Each structure stands twice: as C-alpha cells, then as structure tokens.
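Numbered per the UniProt record's numbering, the sequence shown spans residues 1 to 266. Where a beta carbon is used, it is the ideal one built from N, C-alpha and C, also for glycine. This structure is a prediction, so every number in the text was calculated from the model and none was measured.
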Amino acid sequence: MEKEIDQQNPLLAAQSVMTDMLYVIHQICEKHDIKYWLTDGSLLGSIRHKGFIPWDDDADIGMMREDYNKFLRIIQEELPSPYKVQSKVNQTHGLHNWLKIMYMEDFEWVDWWGNWTKGLSIDVFPFDFVPEKYENKKSLKEKLINRVATIRYPLSGNPLKTTIQRTINKVKIHNIYSKYNKQTNIVTYGIELPYYGWAYFHVDEIFPLKKGQFGKHEFYIPNNYERYLEKLYGNYMELPKLEDRVSHMANLKFSRPQPSDNKPQK
C-alpha cells in the first residue's frame with residue numbers, strides 16, 4: 001500500500017499516515033464485528049479539533065477484553081502492508097504489554113533516552129470490568145495482580161531477573177484474571193496496563209457507541225464522551241498552556257531523502 005506523504009511538515013504527514021492506519025483498523029473491526037472506540041488523546045482530538053490534537057503524534061483505541069482478544073487473534077492475518085504488529089524487531093519505546101500497530105517507514109525521532117528511532121504507532125488498549133464496590137479505587141487483589149501483570153522483561157540487564165520476568169510474562173496473568181472477572185457496570189484500563197485504575201467509566205458512558213469526526217473519516221467514540229473526557233482531563237475543551245503542548249516524539253523528521261534534497265544545484 002503506497003502512501004502519499006506530505007513532504008513539507010513531518011508532524012502533519014505523520015498524522016495523515018496514522019489517520020489512514022485508524023481507518024484500516026476500523027475496516028477490520030467492522031468486518032469482524034469488533035467494537036472499539038477512540039480514547040485518550042485521540043478522543044479529545046476528535047471532540048475538540050475534529051481530528052488530531054495539533055501537536056499529537058500517536059493515536060489511541062480502546063476495546064473491551066473480549067473484543068481485544070478477538071482482535072489479537074485476527075490482526076496478524078488481516079493487517080495489510082506496510083503496517084505491522086509490534087514485535088521485538090520493530091519496537092519503539094521498548095516492549096509494551098498492550099497491542100501496538102506500527103508504520104515503520106518515512107519517519108524517525110528521538111526517544112525518551114535520547115536515541116534515534118523510527119516508526120509511528122497506534123496504541124490499542126484492553127479494558128476490564130471492575131467490581132462495583134471498588135469503583136474509583138483498587139482492591140488489594142487488583143493492586144497485586146496489576147503489579148505482577150505489568151511486568152515486562154527488559155531488553156538487557158540481569159540474566160536471572162530477565163528469566164524470571166520472561167516466565168511471568170509468558171503466564172499472561174491478565175488473561176487468567178479476565179477469564180474469571182465478572183461483568184459489572186464499571187470498567188477501567190486493562191489489568192496489565194500501567195494505566196489500570198487511572199479512570200473508571202460506567203458501561204453506559206461508553207455503549208452504545210456513536211461516531212465522531214476524525215479528519216476525513218468518522219470513527220467510533222463513547223456514547224457519553226463528555227463525561228468520559230471529564231474523567232480523564234477535567235475541563236477538556238480548555239487548551240493547555242503553550243509550554244505544555246508537547247509531543248511524544250522529539251525532533252520528528254523524515255527518515256529518507258526528500259525530493260528537494262535531490263534537486264540539481266544551479
């Protein structure tokens with residue numbers, strides 16, 4: 001799939017590519033009856049800007065655990081080139097314990113540790129039910145499971161520690177937890193995510209899903225997106241101060257020569 005890249009502005013070009021990625025994911029979800037919704041900064045962008053937040057450089061999708069696991073099973077076969085599912089080979093920001101859909105061409109940037117890396121990503125987050133008596137707080141059991149489930153083995157370091165962490169990771173304790181997790185009216189980010197318990201949502205604040213504008217497309221958003229965004233950001237329509245309008249990827253630029261670079265010199 002050949003992409004048309006805006007040659008003048010790397011951020012606008014990256015946002016255009018990620019919008020196309022979102023549409024591909026949307027089509028796959030529609031085909032397989034998988035319910036998803038824009039969440040976090042992507043939802044905020046849809047409501048406040050009708051597309052990307054002007055300085056944002058990634059995109060976020062939420063799915064309930066059942067749909068998320070179904071999506072995991074089919075995405076490897078359904079995802080068209082040049083998009084890829086994140087792996088050890090094409091990772092950015094280290095290994096993650098949630099799904100990332102990657103575009104590995106055209107762009108490079110500086111990561112949190114000052115290293116040049118490449119790739120754009122769509123984050124796909126699972127959401128889990130929460131016992132209603134623990135709305136807005138974590139029980140001791142959930143705290144312990146979350147502590148273990150968020151462990152990811154590092155790329156380097158102590159070999160013994162790495163072996164232990166890899167073993168824990170292979171057990172996939174989050175799937176064991178979700179298998180016996182009872183359906184309630186309260187949900188939050190998946191038990192294996194560092195964002196577990198960041199915000200709690202009523203099911204009817206999310207479902208039934210509706211559509212919201214995002215650039216040249218419409219994608220699914222929560223039913224009561226106002227309440228959803230208030231829980232995440234408070235007064236979400238108020239723009240942050242200029243100094244707080246920061247991107248995740250520092251020094252984003254094109255990773256291959258641009259046509260202007262190849263023009264003959266006069």
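Here's the rule I'm using: 16 or more other beta-carbon atoms within 10 Å means buried, otherwise exposed. How should residue i be labelled?
i, result
"Leu229", "buried"
"Glu30", "exposed"
"Lys263", "With a pLDDT of 43 at Lys263, under the threshold of 50, the modelled position of this residue cannot be trusted; read the value that follows with caution. Exposed: under 16 other Cβ atoms inside 10 Å."
"Leu140", "exposed"
"Pro10", "buried"
"Pro194", "exposed"
"Glu142", "buried"
"Gln15", "buried"
"Leu43", "buried"
"Val171", "exposed"
"Gln258", "In this prediction, Gln258 has a pLDDT of 47, which is less than 50 and means its spatial position is unreliable; nothing more can be read from the coordinates."
"Met249", "buried"
"Tyr83", "buried"
Look at residue i and residue j and say whether their C-beta atoms are less than 8 Å apart.
i, j, result
"Pro222", "Leu209", "yes"
"Asp123", "Asp58", "yes"
"Ser178", "Asp128", "yes"
"Gly212", "Glu218", "yes"
"Glu108", "Lys253", "yes"
"Glu243", "Ile186", "no"
"Met21", "Ile101", "yes"
"Met64", "Phe71", "no"
"Tyr200", "Leu38", "no"
"Gly190", "Pro126", "yes"
"Ser247", "Asp40", "no"
"Arg73", "Met237", "no"
Going along the chain, which residues of its own chain have a beta-carbon closer than 7 Å to the beta-carbon of residue i, five neighbours each way excluded?
i, result
"Ile173", "Ile145, Val148 and Ala149"
"Phe207", "Asn223"
"Asn181", "Asp128 and Phe129"
"Val203", "Asn185 and Val187"
"Gln8", "none"
Please identify the residue among the options whose C-alpha is closest to the C-alpha of residue i.
i, options, result
"Pro54", "Phe201, Leu22, Arg245 and Gln8", "Arg245"
"Thr19", "Arg227, Asp60 and His32", "Asp60"
"Thr184", "Lys143, Glu132 and His26", "Glu132"
"Ser81", "Met104, Met237, Asp40 and Leu242", "Met104"
"Asn251", "Leu43, Lys216 and Asn115", "Asn115"
"Phe214", "Ala13, His32, Lys50 and Ile25", "Lys50"
"Tyr23", "Pro159, Lys216, Leu160 and His32", "Lys216"
"Ser121", "Val17, Asn235 and Leu160", "Val17"
If you drop the 5 nearest sequence neighbours on each side, which residues of the same chain put their C-beta closer than 8 Å to that of residue i?
i, result
"Lys138", "Asn146, Tyr196 and Gly197"
"Ser255", "Glu105, Asp106, Phe107, Glu108 and Lys118"
"Asn175", "Asn69"
"Val85", "Ile75, Gln76, Leu79, Leu99, Lys100, Ile101 and Met102"
"His26", "Tyr36, His217, Phe219 and Tyr220"
Which same chain residues end up closer than 6 Å to residue i when comparing Cβ atoms and leaving out the 5 residues on each side of it in sequence?
i, result
"Asp67", "Ile34 and Lys35"
"Ile151", "Gln165 and Ile168"
"Asn224", "Glu205"
"Ile28", "Glu78"
"Phe52", "Gln15 and Gly45"
"Lys161", "none"
Problem set entry | Entirely enclosed alpha helix (DSSP H) segments - the stretch 60 to 107, minimum 4 residues | 65 to 78
For this session: Return the chain-ordered ranges of every alpha helix (DSSP H) run that is complete within the stretch 146 to 228 and spans a minimum of 4 residues.
Result: 159 to 171, 173 to 179 and 203 to 206
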